[in-house]
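Student: Let me begin by handing over the structure; questions about it come next.
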Amino acid sequence: MKANLALSVLYFLFFSLPILAQAQVKQNKVPPKQAVAVPTDSLKTALEIILQEDQGVRKKLSTTPPSERMQLFREMRQVDSANQVKVKAILNRYGWLPQSKVGEKAADAIFFVVQHADTYLMEKYLPELQRWAQLGEARKTHAAMMEDRILMNQRKKQIYGTQAFSNQLTQGRFLIWPIADYPNVNKRRQEAGFDTTVEENAKRLNSIYNPSEIIPGLLAE
């Protein structure tokens, strides 16, 4: 009897405890990011500071003479790099945060930081941004701008005419990036929530809009 009891105890220790431990690990496992409680106030404050940093350096750039911009470009890259680390950590844990959770300024911060990042990050989060925009929890204009930026980076025609560029092919001029189906671009802009035409946007960007101008080698084949 004692031998059988000892064997039973050993069996329990060897086989049952690992199973119980695994069950406990599963119970303590962090839930998916959609289910994680969002610390709204602290995130709102942090993101609003990020927005000030992102836009602040760009405002300085717009009022600085071209001959003095090199240092500001370096500062902008440093600001963008630091902000991307912070926002990536937020996105990895909580996903794209809706306006109702953190407010418009904080939501804008997420957009601008991702918009100023690489194409991979934009492609990763554009579907979430578009989904929230359809639900009224993000700006439709932001979703349109990010889609245009991705297309431009891929050397494809943009849809809403939000992106301008300058390179050696333009001889120093800023031009609106080529637009697909440009006769209907202003209709698409209106549907996306823009209150300006592509012509008005070009003026705002100090850029030239000439849809008939073709720059050889600009677009991907």
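Those letters in the sequence shown? Residues -23 to -1, 1 to 198, by mature numbering (1 follows the signal peptide of the UniProt record, and there is no 0).
Beta carbons: idealized from backbone N, C-alpha and C, even for Gly.
Since the structure is predicted, the reported quantities are computational estimates derived from the model, not experimental observations.
1. For lysine 21, is the classification buried or exposed, using 16 other Cβ atoms within 10 angstroms of its Cβ as the cut-off for buried?
2. For arginine 165, I'd like the list of residues in its chain whose CB is within less than 7 Å of its CB, leaving aside the five on either flank, ordered along the chain.
3. Please list the terminal residues of the continuous alpha helix (DSSP H) segment that includes aspartate 95.
4. In the region 119 to 196, which residue ranges form an unbroken beta strand (DSSP E) of at least 3 residues, counting only runs that do not cross its ends?
5. Please name the residue in Ser39, Leu112 and Gln32 whose C-alpha comes closest to that of arginine 181.
6. Three-state secondary structure (DSSP) at tryptophan 109?
7. Go through its chain and collect everything with a Cβ distance to asparagine 187's Cβ below 6 Å, but skip five positions before and after it.
8. If the criterion is Cβ atoms closer than 9 Å, does the pair glutamate 100 and isoleucine 67 meet it?
9. Taking the alpha carbon of aspartate 125 as the reference point, which residue from Gln145, Ile156 and Gly72 has its own alpha carbon closest?
10. Would the beta-carbon of lysine 78 fall within 9 Å of that of threonine 174?
11. Would the region 88 to 97 and the region 39 to 52 be scored as touching if the rule is three or more Cβ pairs under 8 Å?
12. Could you check if valine 90 is buried or exposed, using at least 16 other CB atoms within 10 Å of its CB as the buried criterion?
13. Could you tell me the boundaries of the alpha helix (DSSP H) in which leucine 28 lies?
Tutor: Quick look at the numbers:
1. Here residue 21 refers to the residue found at position 44 of the sequence shown. So lysine 21 ends up on the buried side.
2. Position 188 of the sequence shown, counting from 1, holds the residue named residue 165. Result list for arginine 165: Ile136 and Tyr137, in chain order.
3. The sequence position of residue 95 within the sequence shown is 118, counting from 1. Segment: none, aspartate 95 is in no alpha helix (DSSP H) and carries neither H nor E.
4. none
5. Residue mapping note: residue 181 aligns to position 204 of the sequence shown, counting from 1. For arginine 181, the nearest C-alpha among the options comes from Ser39.
6. Within the sequence shown, the letter at position 132 stands for residue 109. Here tryptophan 109 sits in helix by DSSP.
7. For the purposes of this step, residue 187 is taken as the residue at position 210 of the sequence shown. So no residue of the chain qualifies.
8. As a first step, residue 100 is located in the sequence shown; it is residue number 123 there, counting from the start. As a first step, residue 67 is located in the sequence shown; it is residue number 90 there, counting from the start. Cβ distance not < 9 Å, so glutamate 100 and isoleucine 67 don't count as in contact.
9. Translated into positions along the sequence shown, residue 125 becomes position 148. When each option's Cα is compared against that of aspartate 125, the closest is Ile156.
10. Position 101 of the sequence shown, counted from the first residue, corresponds to residue 78. Position 197 of the sequence shown, counted from the first residue, corresponds to residue 174. Not closer than 9 Å, so no.
11. no
12. Taking the sequence shown and counting its residues from 1, one reaches residue 90 at position 113. Label assigned to valine 90: buried.
13. By one-based count along the sequence shown, residue 28 stands at place 51. It spans 17 to 39 - the alpha helix (DSSP H) in which leucine 28 sits, taken as one unbroken run.
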